[in-house]
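Student:
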Amino acid sequence: MFNKYLEKIKTYEAGKPIELVVREFGIKPENVIKLASNENPLGASPKAVEAIVQNAKKASIYPDDSMYELKEKLAKRFDVKSKEIIIGAGSDQVLEFISHIKLNSNAKILRSAVTFAMYDIYAKQFGAKIIKTPSYEHKVDEFILLIKQEKPDIIYICTPNNPTGDATKKEDVFQIIEAAPKESLVVVDCAYMEYVQDKEYKISPKELLEFENTIYLGTFSKAYGLGGMRVGYGIANEKIMHYLYKVRPPFNITTLSLAAAIAALDDEAFLQETLALNKKEMKRYEAFAKENNIAFQKSFTNFITYFFHLPLQSSQIANNLMKKGIIVRDLSSYNLNAIRITIGLPKQNEKVLQELKKELKG
Ligand code: PMP
523 MFNKYLEKIK
533 TYEAGKPIEL
543 VVREFGIKPE
553 NVIKLASNEN
563 PLGASPKAVE
573 AIVQNAKKAS
583 IYPDDSMYEL
593 KEKLAKRFDV
603 KSKEIIIGAG
613 SDQVLEFISH
623 IKLNSNAKIL
633 RSAVTFAMYD
643 IYAKQFGAKI
653 IKTPSYEHKV
663 DEFILLIKQE
673 KPDIIYICTP
683 NNPTGDATKK
693 EDVFQIIEAA
703 PKESLVVVDC
713 AYMEYVQDKE
723 YKISPKELLE
733 FENTIYLGTF
743 SKAYGLGGMR
753 VGYGIANEKI
763 MHYLYKVRPP
773 FNITTLSLAA
783 AIAALDDEAF
793 LQETLALNKK
803 EMKRYEAFAK
813 ENNIAFQKSF
823 TNFITYFFHL
833 PLQSSQIANN
843 LMKKGIIVRD
853 LSSYNLNAIR
863 ITIGLPKQNE
873 KVLQELKKEL
883 KG
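Here the sequence shown is numbered in the numbering used here, starting from 523 and rising by one per residue.
1) Helix, strand or coil: which one does DSSP assign to Val662?
2) How about Met640: is its Cβ closer than 8 Å to a heavy atom in the ligand PMP?
3) Assuming contact is defined by CB atoms lying nearer than 9 Å, are Ile669 and Ser706 in contact in what I supplied?
4) With DSSP run on the structure shown, which of helix, strand or coil describes Pro740?
5) With respect to the beta strand (DSSP E) encompassing Thr864, which residues constitute its N-terminal and C-terminal limits?
6) Is any heavy atom of the ligand PMP found at a distance shorter than 8 Å from the C-beta of Gly754?
7) Mind checking which residues open and close the alpha helix (DSSP H) that includes Asp614?
8) For Thr827, report the span of its beta strand (DSSP E) as first-last.
9) In the region 691 to 767, which residue ranges form an unbroken beta strand (DSSP E) of at least 3 residues, counting only runs that do not cross its ends?
10) Roughly how many angstroms lie between the CA atoms of Gln819 and Glu659, to the nearest whole one?
11) Under three-state DSSP, which class holds Gly852?
12) Pull up the distance between the alpha-carbon of Phe518 and that of Lys845, whole angstroms please.
13) Could you spell out the range, first to last residue, of the alpha helix (DSSP H) harbouring Arg806?
14) Does any heavy atom of the ligand PMP sit closer than 8 Å to the C-beta of Asn560?
15) Which residues does DSSP list as the beta-bridge partners of Tyr641?
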């Protein structure tokens, strides 16, 4: 007998890897354009790469399990205490820890209609009930109504939201948190927060610490370009940390990941270059959508989501692009006739839009 709750889980479908396109369509790896997993098109921070190389020989040694240096650096950056931080193998692992400390088969989670798929997968592992708001945007009244009705154990606010790219105003996030019962944990997933420049939408871990039942999640996978290193973090008060640390396995990120994340935090130039490129190239995708009558959501992230009308079908468009070596994310599994495209390098974007234009003509 296996855990009966697992029967209800549809295995997470990750963005397709370059190797698959090489294998299936015989395209050279250097010609594949992978814009499906919201990775940094500039690669990793050069300082992080240098740290990985310098530390390669330490591969035989377990990492510092206290993660002292990384936590100190993050604490300084966000003006919080080191004790208020937990590191995970990606923020995914912090989501898993959160599920362990809050969920069981009587528990409930609340989330927006379309959001990051892992919230459900973890909830289902525990047999917890999933409550969804009607809209994919985080609408305060919808959240408050369901909070009052359902008293969820975890309330997820993903801002900016994946896979739609929209963000929630800070005042709205605060209103949702204020409506949450003390027994609930509000998870504010800020995996893409570095890309947000508008003050009304920018949220810091420090201001969330004002609330006793809230946790901020961040990651090195996106703006810092370290998706392959798997480093994320949660920031919350010491009471929440007390429980999270009980479910964290020892040495949960690698020696090299730790070195890379520490170095990446010092690479402000790389971060700024990343944000500037994203901003500039995002404009190109917006202009293309307007010129070609494609509906899109204003994006606060490093990707844009294009919505299609039938007879155009997102699955078919994504498949046709893949045959040409372009990997984007089809969102049919979210019940959206849409594709999500990570903003790439100028040359990549040019090629993507050129090929997409052909698809629109049919
Ligand atoms: N939250 C959101 C909203 C995401 O989009 C992702 C990555 N796709 C994650 C969390 C997890 O990222 P990671 O585990 O790489 O930190």
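C-beta atoms are modelled at their ideal positions from N, C-alpha and C, and glycine is treated no differently.
Tutor: The relevant details are as follows:
1) In this structure, Val662 counts as helix in the three-state DSSP scheme.
2) At least one heavy atom of the ligand PMP sits closer than 8 Å to the Cβ of Met640.
3) Their beta carbons are under 9 Å apart, which means Ile669 touches Ser706 by this criterion.
4) It should be pointed out that residue 740 corresponds to Gly in this sequence rather than to Pro. Annotated three-state conformation of Gly740 is strand, per DSSP.
5) That run of the beta strand (DSSP E) goes Ala860 to Thr864.
6) Because some heavy atom of the ligand PMP lies under 8 Å away, the Cβ of Gly754 counts as near it: yes.
7) For Asp614, the enclosing alpha helix (DSSP H) covers residues Gly612 to Lys624.
8) Judged by DSSP secondary structure, Thr827 falls within the beta strand (DSSP E) whose first and last residues are Phe825 to Phe829.
9) With a minimum length of 3 residues, the unbroken runs of beta strand (DSSP E) contained wholly in the region 691 to 767 fall at 707 to 711, 736 to 741 and 754 to 757.
10) Each residue's alpha carbon lies about 10 Å from the other.
11) Residue identity check: residue 852 is Asp in the sequence provided, not Gly. In the structure shown, Asp852 sits in a strand (DSSP, three-state: E or B).
12) The first residue shown for the chain is 523 and the last is 884, placing residue 518 beyond what the model contains.
13) Going by DSSP, Arg806 is part of the alpha helix (DSSP H) stretching over Glu790 to Glu813.
14) Checking the Cβ of Asn560 against the ligand PMP gives yes.
15) Per DSSP, Tyr641 has no beta-bridge partner at all.
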